[in-house]
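Note sheet for the following structure.
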Amino acid sequence: MENNSGTLLELQSRFGEDTFKQQQTRDEILTLWMPCNQLKEVLTFLKSAVPKPFRMLYDLAAVDERTRNKQHNGFPSAAFTLVYHLFSFERNEFVRLKVALSDEFPTAPSISNIWANANWYEREVYDMFGIKFEGHPHLSRILMPRTWVGHPLRKEHPARATEMGPFQLYDDKVDLEQAALQFKPEEWGLERQSEDSDFMFLNIGPQHPGTHGVLRIILQLDGEDIVDAIPDIGFHHRGAEKMGERQTWHSYIPYTDRVDYLGGVMNNLAYLLSVEKLAGIEVPERVKVIRVMLCELFRIASHLVWYGTFAQDLGQLSPVFYMFSDREKIFNIIEAVCGGRMHPNWFRIGGVAQDLPKGWEKLVQDFVDYFPKRLKEYDSMVMKNSLFKARTVGIGIFTLDEAIEWGVTGPGLRACGMEWDFRKKRPYSGYEMFDFDIPTAANGDCYDRAVVRVEEMRQSLRIIEQCLKNMPEGPYKADHPLTTPPMKERTMHDIETLISHFLSVTWGPVMPAGEAMSCIEATKGANGYYLTSDGNTNPYRVRIRTPSFPHMQMLPYISRGYTVADMLSILGAMDYVLADIDR
Amino acid sequence: MEAETTSYLLIIGVTLFVLLNVAALLIWVERRMLALWQDRYGPNRAGPFGLLIVAADSLKLFFKQDWIPPFADKKVFVIAPTVVLISVLMAFAVVPFAPGIVVADLNIGLLFFLAMSSMGAYSIILGGWASNNKYSLLGSMRGAAQMISYEVFMGLSLMGVVLMAGSFNLSDIVLAQAEMWFVVPQILGFIIFFIAGIAETHRLPLDIPEAESELSAGFHSEYSGMKFGMFFIGEYLGITLISCMVVTLYFGGWLGPDFLPPIVWFILKVAFFIMIFILLRASLPRPRYDQLMEYGWKILLPLTLLNLLVTAGVLLWLAE
Chain A
150 MENNSGTLLE
160 LQSRFGEDTF
170 KQQQTRDEIL
180 TLWMPCNQLK
190 EVLTFLKSAV
200 PKPFRMLYDL
210 AAVDERTRNK
220 QHNGFPSAAF
230 TLVYHLFSFE
240 RNEFVRLKVA
250 LSDEFPTAPS
260 ISNIWANANW
270 YEREVYDMFG
280 IKFEGHPHLS
290 RILMPRTWVG
300 HPLRKEHPAR
310 ATEMGPFQLY
320 DDKVDLEQAA
330 LQFKPEEWGL
340 ERQSEDSDFM
350 FLNIGPQHPG
360 THGVLRIILQ
370 LDGEDIVDAI
380 PDIGFHHRGA
390 EKMGERQTWH
400 SYIPYTDRVD
410 YLGGVMNNLA
420 YLLSVEKLAG
430 IEVPERVKVI
440 RVMLCELFRI
450 ASHLVWYGTF
460 AQDLGQLSPV
470 FYMFSDREKI
480 FNIIEAVCGG
490 RMHPNWFRIG
500 GVAQDLPKGW
510 EKLVQDFVDY
520 FPKRLKEYDS
530 MVMKNSLFKA
540 RTVGIGIFTL
550 DEAIEWGVTG
560 PGLRACGMEW
570 DFRKKRPYSG
580 YEMFDFDIPT
590 AANGDCYDRA
600 VVRVEEMRQS
610 LRIIEQCLKN
620 MPEGPYKADH
630 PLTTPPMKER
640 TMHDIETLIS
650 HFLSVTWGPV
660 MPAGEAMSCI
670 EATKGANGYY
680 LTSDGNTNPY
690 RVRIRTPSFP
700 HMQMLPYISR
710 GYTVADMLSI
720 LGAMDYVLAD
730 IDR
Chain B
4 MEAETTSYLL
14 IIGVTLFVLL
24 NVAALLIWVE
34 RRMLALWQDR
44 YGPNRAGPFG
54 LLIVAADSLK
64 LFFKQDWIPP
74 FADKKVFVIA
84 PTVVLISVLM
94 AFAVVPFAPG
104 IVVADLNIGL
114 LFFLAMSSMG
124 AYSIILGGWA
134 SNNKYSLLGS
144 MRGAAQMISY
154 EVFMGLSLMG
164 VVLMAGSFNL
174 SDIVLAQAEM
184 WFVVPQILGF
194 IIFFIAGIAE
204 THRLPLDIPE
214 AESELSAGFH
224 SEYSGMKFGM
234 FFIGEYLGIT
244 LISCMVVTLY
254 FGGWLGPDFL
264 PPIVWFILKV
274 AFFIMIFILL
284 RASLPRPRYD
294 QLMEYGWKIL
304 LPLTLLNLLV
314 TAGVLLWLAE
């Protein structure tokens, strides 16, 4: 898929032949090991000096290598590995840079002055692994409570409460926790007053009707004008990545449902594309189309929630009811197909859990006939409403360059005028077979983000219609030994298949060692699972790149100077899901 | 003399009783109507058509713990919700429901109404201030600014009616509309008065002092139990009051064809405008606070002045 020898040559001609060591990966993304001391030069070079630069820091994560089964031979031996994923829109290409760190609590140079969105990623790595970043402006915990002891994604950290001994709350711990709850503006890098005024600090959340979940935003206000806004995240952190390390490849699927909990099976898809790359499974056509159809239904469902709640944030009471009842219609289809509704947990390694039920065509057809009328009605109710426009046009603007700098993907990026959709540009799961447009807008404000999403629903509907008309016949699961659960009917013929079925169901499939990353256009932006296998029944490391995380990081940048009311527009137009931020 | 006193007391008593019940009933009306327009059921379990939700809600409010936050300014915190209730009820004193059915037929009725409705601003400011809560404070600051600005147009928009009727007495104003309802010549005044009325009662779309999605509950965030109940009832009474005033000033009050008694006409007209209030709440988003101010001062104020000027000019011209 990737023709990435060019990038390697460019890097080698600038930094010398021996600086980089290439590693083969299952996803065929150019993967290079490089020494830590040249990290900043290489990244700066890739970001700004090469032609067709890698302008987006797509993801930054770490891997604790200390208990890994098979050390990959010839590569730098490391206690920890830092993994940088960069993306170039011009080349339509990823590059993965790895840095080996050998100490128990290592230190690496911070790249937060190269990419604005590296700030939170580095804090997350620090929080999860205890790796320090030199030169980071505010290196503190981000997802875990500030009083937490240990760094959860280190392998010695217990994965479940039962491994931690009974919980006891001594008096001094109470005092400590109470003290940690006290708000001191200085700890968040905030001034208490300026030359001419004292600031007011307003906590939006963790419990607040406007935040759509447990999110806390510390507002530094001068009157009603926002001087600074600091999102405090992590209230919804459930350790989805850590859980992955003790689940089998198969039994982790339901956990993915709950990451972007409005995206439903779309999360399954992001995870499974990566697993299937590791396993080398090519899924049948029917599976692809079923997956696409369900994903697009979920995209509409997710956008409907956004649409309704966005209008509600701006004080419009009614649309949310109409839109939730439309979403209910989608859930009726989902329920008929999957049995579940919000978290159907329906895709399987190499296929889907069951074939489509009898009569599914009618359900989908009814929805396809019904929905466009409603969308038109919503246009006149919401999008054309002049008060709605007054609250969203020209609010929360970011430019295309800023969007890329901060790692914005999805509708937010397209609202800045960039025609970029991973379904079109890097097709997966058969999206290349479908005929649909990429809606864009020009101004990058809250209204334009809404315009893009509304149009996306129409496009999703087109895709669903094509799925309906062209559903291929065939099996609903690939013929491959690593699919889960293995097809039952073959097991009754001989003892060998019975044994392999038994093992595959009880232990789970053993994935070949290697690593792979997926990247899908999820409802909120680019979602990807970067999986590392050391040849076991469970992943060695699961890294989930979610769109909401970088989007939320951008909040202070785009809300400064606006008022409290505008911040609600900005939050609403961002369309984030707390579990998608905190994982 | 005694009979007169008795009839006064009777009117006061009946008016008070009816108004408080109407306000409580509006809880049900609003919830059912909103539900109707939002494709859902609304309260339909307690009693016929869910009517007993009114009793349930009132009982709940009465028996809730009457909590005063320890950080609040206690005296002001208690006084604030009573101000809104009392001032709105006082304003009803001058409303002529039908010929002879009016508590106080003042010759400055209209001014009395304006004075009383302005008092409502105090309860928002004091309530928000005494709560000692940042959300409440923001809400009450917004509320103060909003109500004081909209007071200006409210008063001025009514002057057209006063010019045409030649009186501040509300009964006289109604009678002056026997030929033609004032809404026809004073359409602009009516629209401005109605908008100002929404702002005055701080209802969606102009519920900026509360702004649920921004300020949780704005100025009454800290209120619970019957103190909250007073704000609540005050709001519904406010809607009723503004609807009564709209009907009295622009839609001929109790006047109507003879096949229905005057009081019924009055009630029907008022009910219509209450429905408009609810429908507006169901359909419009909320503008931003500074947009509201700008709209008021830059658009409504010039229009109001223009309306007043033209009305006065035309009247002078006709008089000559």
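Residue numbers (my numbering), protein chains in the order written: chain A, 150 to 732; chain B, 4 to 323.
Cβ coordinates follow ideal geometry from the N, Cα and C atoms, glycine included.
Cβ atoms of residue j and residue i: under 9 angstroms apart, would you say?
| i | j | result |
| --- | --- | --- |
| P200(A) | H399(A) | no |
| V654(A) | P630(A) | no |
| A329(A) | F278(A) | no |
| N136(B) | P73(B) | no |
| I719(A) | I544(A) | yes |
| A378(A) | L364(A) | no |
| R217(A) | D683(A) | yes |
| I730(A) | L418(A) | no |
| I479(A) | L524(A) | no |
| E242(A) | L179(A) | yes |
| L304(B) | L161(B) | no |
| S576(A) | E605(A) | Note that residue 576(A) is Pro in the sequence shown, not Ser. Not closer than 9 angstroms, so no. |
| L453(A) | P288(B) | no |
Any beta carbon of chain A sitting closer than 9 angstroms to that of residue i?
| i | result |
| --- | --- |
| Q41(B) | yes |
| Q149(B) | no |
| V32(B) | no |
| Y138(B) | yes |
| R291(B) | yes |
| E225(B) | no |
| L303(B) | no |
| S134(B) | no |
Under the three-state reduction of DSSP, which class applies to residue i: helix, strand or coil?
| i | result |
| --- | --- |
| F316(A) | coil |
| M150(A) | Low confidence applies to M150(A): its pLDDT is 42, below 50, so where it sits in the model is not reliable enough to give any reading. |
| T314(B) | helix |
| L339(A) | coil |
| D276(A) | helix |
| V376(A) | strand |
| N352(A) | strand |
| V232(A) | strand |
| P258(A) | strand |
| W184(B) | coil |
| Y471(A) | helix |
| V210(A) | Per the sequence presented here, residue 210(A) reads as Ala, with Val not at that position. Strand, per DSSP. |
| I693(A) | strand |
| E551(A) | helix |
| L720(A) | helix |
| R290(A) | coil |
So is residue i in contact with chain B if we call contact Cβ pairs under 9 angstroms?
| i | result |
| --- | --- |
| V467(A) | The identity of residue 467(A) in the sequence shown is Ser, whereas the question assumes Val. Yes, its Cβ sits closer than 9 angstroms to a Cβ of chain B. |
| Y456(A) | no |
| P358(A) | yes |
| L411(A) | no |
| G464(A) | yes |
| Y471(A) | yes |
| N481(A) | no |
| L524(A) | no |
Compare the Cα-Cα distances from residue i to each of the options and report the closest residue.
| i | options | result |
| --- | --- | --- |
| E238(B) | L252(B), H223(B), T251(B) | H223(B) |
| V177(B) | T314(B), L312(B), E297(B), L113(B) | L113(B) |
| K67(B) | P212(B), I236(B), Y226(B), M93(B) | Y226(B) |
| L549(A) | Y580(A), T541(A), A590(A), V414(A) | A590(A) |
| V86(B) | L117(B), G130(B), A101(B) | G130(B) |
| L166(B) | F185(B), M150(B), L287(B) | F185(B) |
| Q180(B) | Y298(B), L282(B), Y253(B) | Y253(B) |
| S226(A) | F238(A), C185(A), K538(A), P468(A) | C185(A) |
| V21(B) | L244(B), G163(B), D108(B) | L244(B) |
Touching or not, the segment 505-513 of chain A and the segment 528-536 of chain A, by the rule of three or more beta carbon pairs under 8 angstroms? The segment 505-513 of chain A, when compared against the segment 528-536 of chain A, does not touch it at the 8 angstroms Cβ threshold.
Take every Cβ of the segment 98-114 of chain B, pair it with every Cβ of the segment 242-253 of chain B, and state whether three or more of those distances are shorter than 8 angstroms. Short answer: they touch.
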